[in-house]
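Numbering (my numbering), first residue to last: 483 to 612.
In what follows, a structure is listed as structure tokens, so that the remarks can point back to it.
Dropping the structure here:
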């Protein structure tokens, strides 16, 4: 019986999750690549790493139709050689970046991130210090 239930749940989840090779999955991957490149270009040596984490990195991302809070989490690690700024300063820098690069989307300050709302999914830009 347990095998049957497990199999049934796997079938349901495979229909719900965004697959990397689906059109939505491909569009999200392109956006992640674009955002990452734009961050590296904009901040240059001030950013040491840009990493995706959360449900997207685990391939467990749900479409918005099933989860209106579905998003892609992107961690931006800032170098701390220039003296540590307050956490709010890093968020302000990310908000300025997002507002300049994603004028067609909605940019919202959330805690502890900046949310960029695009057509296909939201992106949470989370600052960190390395």
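All C-beta atoms, glycine included, are put in the ideal place defined by N, C-alpha and C.
Asked	Found
Coil, strand or helix - residue 544 by DSSP	coil
Beta-carbon proximity of residue 611 to residue 537, cut-off 8 Å	no
At least three beta-carbon pairs within less than 8 Å, the region 540 to 549 to the region 511 to 518	no
Residue 603 in three-state terms, based on DSSP	coil
Beta-carbon separation (whole angstroms), residue 558 vs residue 502, contact threshold 8 Å	That pair is no contact at about 22 Å.
For residue 548 and residue 490, the rounded distance between their alpha carbons	18 Å
Delimiting residues of the alpha helix (DSSP H) encompassing residue 500	Unbroken run through residue 500: none, as it is neither H nor E.
Residue 491 (DSSP reduced to helix, strand or coil)	helix
Cα-Cα separation between residue 487 and residue 497, rounded to whole angstroms	16 Å
Proximal residues to residue 508 (C-beta, below 7 Å), its chain only, five neighbours per side dropped	none
Complete runs of the beta strand (DSSP E) confined to the region 504 to 542 [at least 3 residues]	529 to 535
Test item: CB-CB of residue 603 and residue 553 under 8 Å	yes
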